[in-house]
Amino acid sequence: MAPCQTLFHAQRRSLPGKVSHLETKAKFGPSPSGRARPPVCPRERRPPAGAAASRRAPEGRRWPTGPSYASSQRDGSGGQLGQCTPGLSVNAPMEPGSSSTEKFYRIPKGKGPHSVGCTDLMTENAVEGSFLRLYYPSCNATDNEEAPWIPDKEYYQGLSDFLNMYRVVGERLFQYYVGSVTCPAKSNAAFKLGEKYPLLIFSHGLGAFRTIYSAICIEMASQGFVVAAVEHRDESASATYYCKKKSISEPQEESTSGLEKEWIYYRKLKTGEEERCLRHKQVQQRAQECIKALNLILKINSGEEVMNVLNSNFDWNSVKDSVDTSRIAVMGHSFGGATVIESLSKEIRFRCGIALDAWMLPVGDDIYQNSVQQPLLFINSEKFQWADNILKMKKLSSNDTNKKMITIMGSVHQSFPDFTFVSGGLIGRFFKLKGEIDPNEAIDISNHASLAFLQKHLSLKKDFDQWDSLVDGIGPNVIPGTNIDLPPAEPE
Numbered sequence: 001m002a003p004c005q006t007l008f009h010a011q012r013r014s015l016p017g018k019v020s021h022l023e024t025k026a027k028f029g030p031s032p033s034g035r036a037r038p039p040v041c042p043r044e045r046r047p048p049a050g051a052a053a054s055r056r057a058p059e060g061r062r063w064p065t066g067p068s069y070a071s072s073q074r075d076g077s078g079g080q081l082g083q084c085t086p087g088l089s090v091n092a093p094m095e096p097g098s099s100s101t102e103k104f105y106r107i108p109k110g111k112g113p114h115s116v117g118c119t120d121l122m123t124e125n126a127v128e129g130s131f132l133r134l135y136y137p138s139c140n141a142t143d144n145e146e147a148p149w150i151p152d153k154e155y156y157q158g159l160s161d162f163l164n165m166y167r168v169v170g171e172r173l174f175q176y177y178v179g180s181v182t183c184p185a186k187s188n189a190a191f192k193l194g195e196k197y198p199l200l201i202f203s204h205g206l207g208a209f210r211t212i213y214s215a216i217c218i219e220m221a222s223q224g225f226v227v228a229a230v231e232h233r234d235e236s237a238s239a240t241y242y243c244k245k246k247s248i249s250e251p252q253e254e255s256t257s258g259l260e261k262e263w264i265y266y267r268k269l270k271t272g273e274e275e276r277c278l279r280h281k282q283v284q285q286r287a288q289e290c291i292k293a294l295n296l297i298l299k300i301n302s303g304e305e306v307m308n309v310l311n312s313n314f315d316w317n318s319v320k321d322s323v324d325t326s327r328i329a330v331m332g333h334s335f336g337g338a339t340v341i342e343s344l345s346k347e348i349r350f351r352c353g354i355a356l357d358a359w360m361l362p363v364g365d366d367i368y369q370n371s372v373q374q375p376l377l378f379i380n381s382e383k384f385q386w387a388d389n390i391l392k393m394k395k396l397s398s399n400d401t402n403k404k405m406i407t408i409m410g411s412v413h414q415s416f417p418d419f420t421f422v423s424g425g426l427i428g429r430f431f432k433l434k435g436e437i438d439p440n441e442a443i444d445i446s447n448h449a450s451l452a453f454l455q456k457h458l459s460l461k462k463d464f465d466q467w468d469s470l471v472d473g474i475g476p477n478v479i480p481g482t483n484i485d486l487p488p489a490e491p492e
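Be aware that the sequence shown starts at 1, since it is given in the working numbering, and climbs by one per residue.
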């Protein structure tokens, strides 16, 4: 049975009756045609938040480094594929087999001294514009609601395409399990003034989108960073959109801005298509989108007015002079890890980078020829990596003491995105959303190592150096380098 079929049938057994009777074809296929007309852009008309799922495959097949949706993979030579599935939400229904007491799973709050707010920003009525979610230190906002984790039902549809599921099945499945998930950041809370904050640009994995790494982004914001989580439009996200003007022939509904969402869904590999060529083209666009996001935030910081096509009551003028323009870094997971490397090679204003369980296939050969001068930290999971991928990391970091690699033991590829927190133990372990290590401990190791690395290479005056040993792979559940057996080095 194909991985997606295994995933679906395993889940279907635990669905409520109104969903479980739905059948799937023996072979799943994309259904880009026949979509309903997209909803208009004003955010107050969006449906309830929801969620996602996924997995990854050899050298990045359809389910790689997703939300990364992957979980475990090998080098494309027939190795084991990981599996992934939607998890339970903050106010989720009980996990099958659990006690009668309702369980609550939620994305962890930031542990730093700052409250955290978030807001969405989209520029231009075209695909060439920027789209990101900004996480930032905020004033205490008791009146603001937590932000939705998955803000539109079309993301369910994109995830269904990504997993080769019927959209009607996937949408109901995700809505049932994670339809009420929120992330612990207050939507449009007031920006906290009085400091200049370092800036972190975050790149998501294949099949993901801007909201799926909120645990990491919120922690960084709580520790005093402004974090711009980019939503990529290179057709590597499960779904994304831009806003365009409605045609004159379409009715202008009340309280709309005359805009509608034009959705862009995940692009599957075509029959016979060489994946590396596609992914290399995509990673170049992704890097440009990260640089564009950097320029956008710096423009706002300088006081220039930026038009946000999304309805929002966030005061962007409050961000003026609040970003430390000399302390900028880039971070990403899986395909986003490759994006980090590509971005560092193209933009010197990124003073350092952090690649979480990077998928190296998209990285161009030219990058290995001393084109990445900045410090770089690879944080890998135990279960995802394979020899060829690690050798590419080592090739990039050889003889450079400012390039480090550590491995979090007991972790899986999905230990970095939020799915690991919103799934219960049974589902989480079965679909490899969780590793042997506690998800909160795994993300703490990753975040603490990241903060220590950022303090050193951004010259921050914080206390993150208390975690310096983690950057060297010293501590519980972390090792230096890799757990993967590598072939002996060839003599020079």
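C-beta: ideal position from N, C-alpha, C; glycine also.
Since the structure is predicted, the reported quantities are computational estimates derived from the model, not experimental observations.
For G112, three-class secondary structure by DSSP: In the displayed model, G112 falls within coil according to three-state DSSP, outside both helix and strand.
The stretch 155 to 165 / the stretch 106 to 118 touching (three or more Cβ pairs under 8 Å): Contact between the stretch 155 to 165 and the stretch 106 to 118 is absent, because fewer than three Cβ pairs lie under 8 Å.
Own chain, CB closer than 6 Å to N144, minus 5 neighbours either side, in chain order: Cβ-Cβ distances below 6 Å link N144 to K186, S187, A189 in the same chain, with the five nearest sequence neighbours on each side left out; the list follows chain order.
Beta-carbon proximity list for P480, same chain, < 7 Å, skipping 5 on both sides: Excluding sequence neighbours, P480 sits near I406, D472, G473.
Candidates S450, K432, A387, L396, of which the one nearest N370 by Cα: Closest option to N370, Cα to Cα, is L396.
Inside the stretch 404 to 484 only - beta strand (DSSP E) runs reaching at least 3 residues: Runs found: 478 to 480.
3 or more residues per run - each beta strand (DSSP E) lying fully within the stretch 110 to 198: Complete beta strand (DSSP E) runs here, min 3: 115 to 122, 131 to 138, 146 to 148, 182 to 187.
At least three beta-carbon pairs within less than 8 Å, the stretch 208 to 227 to the stretch 174 to 185: Three or more beta-carbon pairs separated by less than 8 Å link the stretch 208 to 227 to the stretch 174 to 185, which places the two stretches in contact.
Endpoints, alpha helix (DSSP H) assigned at R276: Start and end: 275 to 301.
Check whether V227 and F202 have beta carbons under 8 Å apart: In this structure, V227 places its C-beta atom within 8 Å of the C-beta atom of F202.
Burial state of I348, where buried means 16 or more other Cβ atoms lie within 10 Å: I348 is exposed by the Cβ-count criterion.
S381, enclosing beta strand (DSSP E) - first and last residue: For S381, the enclosing beta strand (DSSP E) has its first and last residue at 376 to 381.
Endpoints, alpha helix (DSSP H) assigned at G224: G224 -> no alpha helix (DSSP H), and no H or E assigned at all.
G332: first and last residue of the uninterrupted beta strand (DSSP E) it sits in: It spans 323 to 333 - the beta strand (DSSP E) in which G332 sits, taken as one unbroken run.
Residue-chain proximity (M307, chain B), Cβ-Cβ < 8 Å: Looking at the structure shown, chain B is missing, and only one protein chain is on hand.
Residues bridged to F202 (per DSSP): Answer is A229, M331.
Buried/exposed call for M122, threshold 16 Cβ in 10 Å: Its Cβ being crowded by 16 or more others within 10 Å, M122 is buried.
Between the CA atoms of F431 and E195 - distance to the nearest angstrom: Note on geometry: alpha-carbon atoms of E195 and F431 lie some 43 Å from one another.
Bridge-paired residues (DSSP) for C352: C352 is bridged to A329.
Straight-line gap, N399 to R167 (C-alpha atoms, nearest Å): Rounded to whole angstroms, the gap between the alpha carbons of N399 and R167 is 49 Å.
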